[in-house]
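Position one of the sequence shown corresponds to residue 9 (my numbering), numbered consecutively onward. Ideal Cβ placement from N, Cα and C applies to all residues, glycine included. Just so we're clear, the structure is a prediction, and the values are computed from it rather than from any experiment. To start, the structure itself, in structure tokens.
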Amino acid sequence: MPSLRYNFQGRRSDRIFEENHPFQAYAGDHWRSHIRDQDGKYVDSISAQLLKTFLGSPRKSSLQYQAWYDRNHSRWNLHYPDRYQPAEKTDRDIPLFSMCLFSFYNILLDWWEHEEFDVSVTNNQGYDLLRVAVIGGSKEICENLIKRGIELNFQREVNGNSALSAAVSNGQTEIVQLLIRAGADVNLQLGNDDLGSALAAAAFEGQSEIIRLLLQAGADVNLPLENGGFGSALAAAACQGQTEIVKYLVNEAGADVNLQLGNCDFGSALAAAAFEGQTEIVKLLIRAGADVNLPLTGGLYGSALEAAAYQGYVEILRFLIQAGAEVNAQVQAGRHGCALIGAIAWGKHDSVEFLVFDAGADVNQQIRHGKYGCALAAAAYFGRKKCADILVKAGENVNLRIENGSFETALQACEVDIPEGEERPGSRWRRSHWEEDRAEVTRYLRLHGAVYEVPIINIRRNL
């Protein structure tokens, strides 16, 4: 085991740790691979003793290990996939984390069987041993930690996923089975996590076998998720385009296609599919009974129609309208108040044209929710000249007196100060671009007869 011997002897001379030494670079990067190649095969006692000497003990690292850690820590993540990231998941002082991450089991079998150590320890990034062992992929190490009484449902504060959800995301079916048998909570709400639950993680990743395992173990297919961007397992699958998973969840597992989703981005599975342009899944959900006019109570968009309009998916807009979506429906959730303003906010001209000329959107409609009040005021505020032109050509009154929102006229919406920190979606996102585009809309509106009915300083509503 030359690379390991080299690391062990390296502490005798600081010069050996110079970065330009080619064998040092190789040894520092690849000794773990050589150890793993032996694990599970005939264990060389010399290699085992070298590894133990290099590590120190499960609880306390050696000087050699610390020197190697310091030498490699800053550049590890450049060479590993995101989920692995040794710099986050190991520890300078406690080699146990490296033993778990690099799956050193058979070669250190006597340590695993006879050494005493605290299984509740976490590293300086907040990772526990079980989650690191799951990421390393060693079922044997996971079994050992479970027998020692490790907490199965531990969640890291910064990123709240659990050992079970990590195994699910990595597609580690045997480890998932092990954790379920040991009593891991299949309905655990994951704090500060992108997916929210183990079932949502499986749905997002398209892990059909693992989904069945979780459901058989009692996972609630309609569990409203408290964290993450999706709100439910069905929405996670819909958003990611996992058509077969959506079919299974709806047709066999009993997923509610009209489940209202609160703490998430989309508000419903249909809105999630519409936002991501998943046309086939939109059709599938509607055939399964999804309500195209469901007024959403949560999320960034008040309806599936608005979600599709915001992203500019005209094909989905057309299908939703054909399925009975009300083009002039006013919505409470989100920031825009209706689908037409959703399309204007991002500057999706094709969506605006379709909604106005094909679907019959009322360009003079007074909008009750949100700060814009009407479509033309939204176009003015966001500096969308092409959208404003479409609206004016369709008959919008450039001097419409707005009844709700933050502005009294569209012209006023052009010239009010943009709140600090607010960003405009789209390619021209810089504040200077936004101001230039709003000035252009001002000129356009004045050219088409817009007048100042009240001074800008007399705006009667707060932004």
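In this structure, residue 349 sits away from residue 306, with a CB-CB distance that is not shorter than 8 Å. Boundaries of the alpha helix (DSSP H) harbouring residue 289: 287–295, taken from the DSSP string. Take residue 457, set aside five residues on each side of it, and the residues of its chain with a beta-carbon closer than 6 Å to its own are 406, in chain order.
With fewer than three CB-CB distances shorter than 8 Å, the segment 396–405 does not count as touching the segment 426–444. Residue nearest to residue 449 within the set 334, 409, 110, 385 is 385 (criterion: CA-CA distance).
Taking a 10 Å sphere around the C-beta of residue 381, we find 16 or more other C-beta atoms and assign the residue as buried. Under the three-pair Cβ rule at 8 Å, the segment 351–369 does not count as touching the segment 408–424. Nearest C-alpha to residue 131 among 103, 147, 120: 103.
Contact annotation, residue 247 with residue 210: C-beta distance approximately 14 Å; criterion of less than 8 Å not satisfied.
When secondary structure is reduced to three states using DSSP, residue 101 falls in the coil class, being assigned neither helix nor strand. The Cβ atoms of residue 270 and residue 314 lie no closer than 8 Å to each other. Exclusion of the five residues before and after residue 99 leaves 105, 131, 132 as the residues of its chain whose Cβ lies within less than 7 Å of its Cβ. By DSSP's assignment, residue 136 forms a beta bridge with 130. Cβ contact annotation for residue 323 (same chain, cutoff 8 Å, sequence separation greater than five): 287, in chain order. At a Cβ-Cβ threshold of 8 Å, residue 180 and residue 145 count as neighbours. If you compare the alpha carbons of 416, 393, 430 with that of residue 455, the shortest gap goes to 393. DSSP assignment within the segment 351–425 yields the following whole alpha helix (DSSP H) runs of 4 residues or more, N-terminal first: 357–361, 383–390, 393–401, 418–423. In the assembly as shown, residue 253 is a buried residue. Its beta-carbon has 16 or more other beta-carbons within 10 Å.
Between residue 266 and residue 298, the CB-CB gap stays under 8 Å. Residue 259: member of the alpha helix (DSSP H) spanning 251–259, first to last residue.
Ranking 172, 218, 126 by CA distance to the CA of residue 196 puts 172 first. Using a 10 angstroms sphere on the CB of residue 169, the tally of other CB atoms reaches 16 or more, which defines it as buried. Nearest C-alpha to residue 262 among 230, 356, 361, 274: 230. In the three-state reduction of the DSSP assignment, residue 144 falls in the helix class. Measuring C-alpha to C-alpha distances from residue 451 to each of 255, 388, 135, 440 identifies 388 as the nearest. Excluding five sequence positions before and after residue 158, the CB atoms of its chain that fall closer than 6 Å to its own CB belong to 127, 138, given in chain order. Taking 8 Å as the cut-off, the Cβ atoms of residue 198 and residue 235 count as close. Counting only the Cα atoms, residue 284 lies some 53 Å from residue 61.
Shortest Cα-Cα distance from residue 245 to any of 274, 124, 325, 225 involves 274. Residue nearest to residue 111 within the set 308, 44, 123, 226 is 44 (criterion: CA-CA distance). The beta carbons of residue 150 and residue 183 sit about 6 Å from each other, so the pair counts as a contact at 8 Å.
In the DSSP assignment, the residues bridged to residue 69 are 64. For residue 223, the uninterrupted alpha helix (DSSP H) segment begins and ends at 216–224.
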